[in-house]
Amino acid sequence: MTKLLPCSISLFALAIAGTAQAQDAAPEEAGGIVVTGQRAQQQRAIDEKRAALGLVEVTASDELGQLPDKNVAEAVERLPGVGVQYDQGEGRYVAVRGVPSSLNGYTLNGFEIGNPDGNTRALPLDILSSQLLNRVEVAKVKTADLTGQGIGATINLVTQTAFDFDKPFIFQANGQVGWQQTYKDDNPIKGDVTVGARFGADQQFGILLGASYSDRTYGSDGIYPDDWAPDDQAARGGVPINIKYTDYRLKRERIGAAGSLDWHGDRVQLYVRGVYSKFTEDEYRQRFRLDFSDIDWDANGLTGVASTSEQRSDLRTEYKEKSVLSFMAGGKADLSDDWSLDFGAARTRNEVIEPNQLWQFRGNPGAVAVDFTDKLFTAVPVNGYLSPSALGFRQYTEQDEYGLEKIWQGRLDLTGKLPAIGQNSFVKIGANGRWTDKSFDSANDVYTRGTAANRFTLDGLAGDAVTVNLGNGHTYLLSPAIDEDLIKAYTSGRLGGPQFVLDQATSLANQTLGDFSLQENVFAGYGMANLDFGAISVTAGLRVERTELDITGYLLEADVVTPTSGKRHYINWLPSLVVRIMPTDDTVFRLAYSRSVGRPQYSDLSPGGEVSSEGEGELSVSSGNPALKPYVADAIDMTGEYYFAPGGLLTLGAFAKFIQNPIFTQNYTVLNGSFGGQSYDRIDYSQTLNADRGDIIGVEAAYQQQFSFLPGILSGFGVNLNIALIQSSLGMPDRGTIRFPEQSNLLWGAQLFYQKGIVEGSIAYHHTGRALIAAGDEALTDNYNDDLRRLDAKVSVDITKNVRVFAEAQNLTDEPTRQYQAGNRDWVTQNERYGRTFFVGGSLKW
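Structure follows, in structure tokens:
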């Protein structure tokens, strides 16, 4: 911490990303200047942060969005202390203040959203398009009326209503088309439309409907070495067991819809809302793999020849569909001048469908020349790549996974004003319940080659060779490739025959050990009070949650499948205390203590296990633990906030989280072992256990301002800056102290924006520091994400009062995502390149 504090005098930005709604909100006036557009959005977000009882960051919406974020994950990444894990060039999982994404709480209009992503609690925020939302609230310090889940933060997604606009009739439409560097003939498209109105004698009724669509077909090239191990003769101090490079082609499609129906009476307000979002990925992956060992190094330790090798050609096709469907109804009733009742219920259905196919061919190319001069090294068969006729079929797998989650929720909150104590004093009590049924069904049938007389090769099934381009002159030849149409036609009708022999033991394990069904019910009650003494206010509360878990998994022994169940319940007492001090109208200090929980991942709880084939002779086996305790975290926060001008903000804060019962995965590898009566060259085992404790400490700083004091056109410029420095420790048996997974030591962002007259523009940079992905059984097998940097830009021009055109650019620096092993950044295990993407578009509004 002593190293962090001197570095923390830095600058912050509230990043305001956006959707199509609030541009119509009434202009705000500041010092006689009419404030509209993104400045108005920034100012409203600041006002919400300032008025919050706890510590809340808000990303609000404007008509098009300040920056070209593809989804909600990338929008909230621009908030201080937020890091994002990327998948194939798009933000997906959000870690807040160094806490893994699975330990956040995720809500939709205040109701828990659950998760369509199978067996995890880490909600993939790329499933949602920000065009459907009014704002995203990230509560870092929670009060007792918020759900207890959320050690990192509670991320609340708030949808639009007709009462969010100043006009009684709303129509907005946006459309854009793009160009990208990767593949090749496909242009990404995005669009959304919002229609709504308020009606009735007093405009007491409001209806709003919105829809969004995006289609991005693109590609990425990557290199993925495996299992680096020390080698005294190698200049890097180690060498992997193989080189793999991949031609990835993807089609990602998002379809979303949202609607709301509201009625605002004199003393009663009622609403009905619904949200639907479907995210599909259609993937094609062609991969070349070259295994090598027994390297005879040259004197420099960078080049040499491996005498033992194997060449592999793989093809995988995968389809994944994730969907969220949520309906909610509720309202608010003023029981008297001082007492009000909020109530609501919600029904959510989450689903994931994931079939895929994988073909593998192998052959022996002889000696392999390796060159580790560059970080992205090369390995090439001395006698050239094998021909299709020299690559024999080894294995075909056919996966079919399905997950379904159904959630019922209800809540009731009673609030009473306490004017005798202070103007904003109140007492609040409430209760809520969540009833979740979740199931996951996994199957992965494995077919191996037949006897010698029935074996076949890639001859007649191969396609054209492919060049994998990783940029900066790094190209690799993927040869031979597998023709998708030919191999599918050849496989059809032959499964279970002499050429595709079913591996019954492995297939049975895959069909059963990953399956589970559970019921998780959570019942909560709370009481809190806010006592306003003028310059000082105190918010104290206590929340109690009872969690009831009943989970069934499956064990496999000697070809016998046995259901096994685990039941448990536990109670968490979650106190909170926030002291807010306002020595002046422009200055706010907050001191806070709060306790929160993080329930284990669903797969970690399953009393069964999961088995997956990593190739012929290789198996991965994981098992859960229904006796796992939840994470429990005590957090202390201190912040100072200075609101020095309209839309201007300077903040500095420090935080610490003391976490009990952290969950870790114990990993170990068995070579030449057996499982389910079958022998394997390599078996990777993992099991989840509770560790003792962990700590996370950090500081955040923030600065935002528009330079309205500058003359002429320069007054349109402004900046948003932010930095977070974080350190963590996680005590693991047999390992000592390591970092928390997903925790970056350094997060910072800088944004220069402009708004003057008919022109708005922004250019933003964001840096997410390197982070541990997963801890192995020793430091040698730890895997890390390397630093990730984003540079994006956008400019828009108002053609008329109702028509706007814009252009935007994403990933201007052609930044790859990179992973490495054992804390050594030269031991690269993944390097993926996605290229730059550019869009042009327009919007129309009334």
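Residues -22 to -1, 1 to 824 in mature numbering (1 follows the signal peptide of the UniProt record, and there is no 0) are what the sequence shown lists, from first letter to last.
Note that the Cβ used here is the ideal one computed from N, Cα and C, for glycine as well.
In three-state terms, what does DSSP make of A53? Locating residue 53 in the sequence shown gives position 75, counting from the first residue. Three-state DSSP puts A53 in a helix.
Opening and closing residue of the beta strand (DSSP E) in which D510 lies: Stepping through the sequence shown from its first residue, residue 510 is reached at position 532. That run of the beta strand (DSSP E) goes F494 to D510.
Using a 10 Å radius around the Cβ and a threshold of 16 neighbouring Cβ atoms, would you call F404 buried or exposed? Start at 1 with the first residue of the sequence shown, and residue 404 comes out as number 426. Label assigned to F404: buried.
When you compare only the Cα positions, how much space is there between S271 and N220? As a first step, residue 271 must be located in the sequence shown, where it is residue number 293. As a first step, residue 220 must be located in the sequence shown, where it is residue number 242. Rounded to the nearest angstrom, the two C-alpha atoms are 8 Å apart.
Residue burial classification, residue 884 (beta-carbon count within 10 angstroms, cutoff 16): Examination of residue 884 is not possible in this model, given that the chain is present from -22 through 824 alone.
By alpha-carbon positions, which one of E383, A459 and E376 ends up nearest to A421? On the sequence shown, residue 421 is found 443 positions in, with the first residue counted as 1. Nearest of E383, A459 and E376 to A421, Cα basis: E376.
Can you list the alpha helix (DSSP H) stretches of 4 or more residues lying completely in the region 403 to 431, in chain order? none
Distance between beta carbons of D493 and Y468, contact taken as under 8 Å: Within the sequence shown, the letter at position 490 stands for residue 468. Within the sequence shown, the letter at position 515 stands for residue 493. Actually they are not in contact, since the Cβ atoms of Y468 and D493 sit about 31 Å apart, beyond 8 Å.
Delimiting residues of the alpha helix (DSSP H) encompassing I167: Within the sequence shown, the letter at position 189 stands for residue 167. That residue, I167, is in no alpha helix (DSSP H); its beta strand (DSSP E) goes I167 to F177.
With a threshold of 16 other CB atoms inside 10 Å of the CB of N165, please say whether the residue is buried or exposed. Your numbering for residue 165 matches position 187 in the sequence shown. With fewer than 16 Cβ atoms within 10 Å of its Cβ, N165 is classed as exposed.
If you pair each beta-carbon of the region 495 to 514 with each one of the region 397 to 417, do three or more pairs fall below 8 Å? yes
Is N789 closer than 8 Å to L822 when the C-beta atoms are compared? As a working mapping, residue 822 is identified with position 844 in the sequence shown. As a working mapping, residue 789 is identified with position 811 in the sequence shown. In this structure, N789 does not lie closer than 8 Å to L822 by Cβ.
Residue range of the unbroken beta strand (DSSP E) whose run includes A800: Looking up residue 800 in the sequence shown gives position 822. It is not in any beta strand (DSSP E) - A800 carries neither H nor E in the DSSP assignment.
Skipping 5 residues on each side, what residues in its chain have a beta carbon closer than 6 Å to that of P585? By one-based count along the sequence shown, residue 585 stands at place 607. Contacts found: G531, T542, G544 and P604.
Counting Cβ pairs closer than 8 Å, one from the region 454 to 473 and one from the region 279 to 298, do we hit at least three? yes
Opposing strand residues paired with V360 [DSSP bridges]: Here the question's residue 360 lines up with position 382 in the sequence shown. Partner(s): none; V360 has no beta bridge.
Could you say which of T643, G672, V697 and L597 lies nearest to S657 if we only look at CA atoms? Indexing the sequence shown from 1 puts residue 657 at position 679. That would be L597, whose Cα lies nearest to the Cα of S657.
Beta-bridge pairing of P78 - partner residues as DSSP gives them: Your numbering for residue 78 matches position 100 in the sequence shown. According to DSSP, which records beta bridges pairwise, P78 is partnered with nothing at all.
On the DSSP bridge list, what partners appear for T160? On the sequence shown, residue 160 is found 182 positions in, with the first residue counted as 1. DSSP output for T160 lists no bridge partner at all.
8 Å is my cut-off, CB to CB: does P585 come that close to chain C? Reference to chain C is not applicable here, since this structure consists of a single protein chain.
Drop a sphere of 10 angstroms on the beta-carbon of H242, count the other beta-carbons inside from all chains shown, and report buried for 16 or more, exposed for fewer. As a working mapping, residue 242 is identified with position 264 in the sequence shown. It is buried - the Cβ of H242 has at least 16 other Cβ atoms within 10 Å.
State buried or exposed for I11, treating a residue as buried only when at least 16 other CB atoms are found within 10 Å of its CB. Start at 1 with the first residue of the sequence shown, and residue 11 comes out as number 33. Only weak support exists for where I11 lies, its pLDDT of 34 falling under 50; the coordinates are left without a value.
Is G197 helix, strand or coil when you go by DSSP? Position 219 of the sequence shown holds residue 197. G197 falls in the strand class under three-state DSSP.
If you compare alpha carbons, which of G696, N761, G820 and R796 is closest to W206? Start at 1 with the first residue of the sequence shown, and residue 206 comes out as number 228. For W206, the nearest C-alpha among the options comes from N761.
Going by C-alpha distance, which of Q289, V424 and D391 is nearest A323? What you label residue 323 is simply residue 345 of the sequence shown in a count that begins at 1. Measuring from the Cα of A323, the nearest candidate turns out to be D391.
Less than 8 Å between the CB atoms is what I'm expecting for N82 and V72, so what's the real figure, rounded? Position 104 of the sequence shown, counted from the first residue, corresponds to residue 82. Position 94 of the sequence shown, counted from the first residue, corresponds to residue 72. At roughly 7 Å, the Cβ-Cβ gap stays under 8 Å, so N82 and V72 are in contact.
What number of angstroms, rounded off, separates the C-alpha of V697 from the C-alpha of I24? Residue 697 sits at position 719 when you count from the first residue of the sequence shown. Residue 24 sits at position 46 when you count from the first residue of the sequence shown. Rounded to the nearest angstrom, the two C-alpha atoms are 14 Å apart.
Buried/exposed call for G197, threshold 16 Cβ in 10 Å: Here residue 197 refers to the residue found at position 219 when the sequence shown is read from its first residue. Flag for G197 reads buried.
Once you ignore the five residues that flank L396 on each side, which residues in its own chain have a CB closer than 7 Å to its CB? Walking along the sequence shown from the start, residue 396 turns up at place 418. Only S403, F404 and V405 meet the Cβ criterion.
Span of the beta strand (DSSP E) holding D260? Taking the sequence shown and counting its residues from 1, one reaches residue 260 at position 282. From DSSP, the beta strand (DSSP E) with D260 extends over V246 to W275.
Does the beta-carbon of I385 have 16 or more other beta-carbons within 10 angstroms, so that it is buried, or is it exposed? Counting from one through the sequence shown, the residue named residue 385 turns up at place 407. When all chains shown are included, I385 counts as buried.
Give the range of the beta strand (DSSP E) segment to which E793 is assigned. Position 815 of the sequence shown, counted from the start, is the residue given in the question as residue 793. E793 -> no beta strand (DSSP E), and no H or E assigned at all.
Residue nearest to V516 in terms of C-alpha spacing, selected from S470, N550, R568 and R524: Residue numbering aside, residue 516 sits at position 538 when the sequence shown is read from its first letter. Here the closest residue by C-alpha is R568.
So, using beta-carbon positions, are I129 and I637 closer together than 8 Å? If you number the sequence shown from 1, residue 129 lands on position 151. If you number the sequence shown from 1, residue 637 lands on position 659. It is a contact, given that the beta carbons lie within the stated cut-off.
Just verifying my parser: in three-state terms, what is the DSSP assignment at Q482? Locating residue 482 in the sequence shown gives position 504, counting from the first residue. In the structure shown, Q482 sits in a helix (DSSP, three-state: H, G or I).
Taking DSSP as the reference, what is the three-state secondary structure of A207? As a position in the sequence shown, residue 207 is number 229, starting the count at 1. Correct three-state label for A207: strand.
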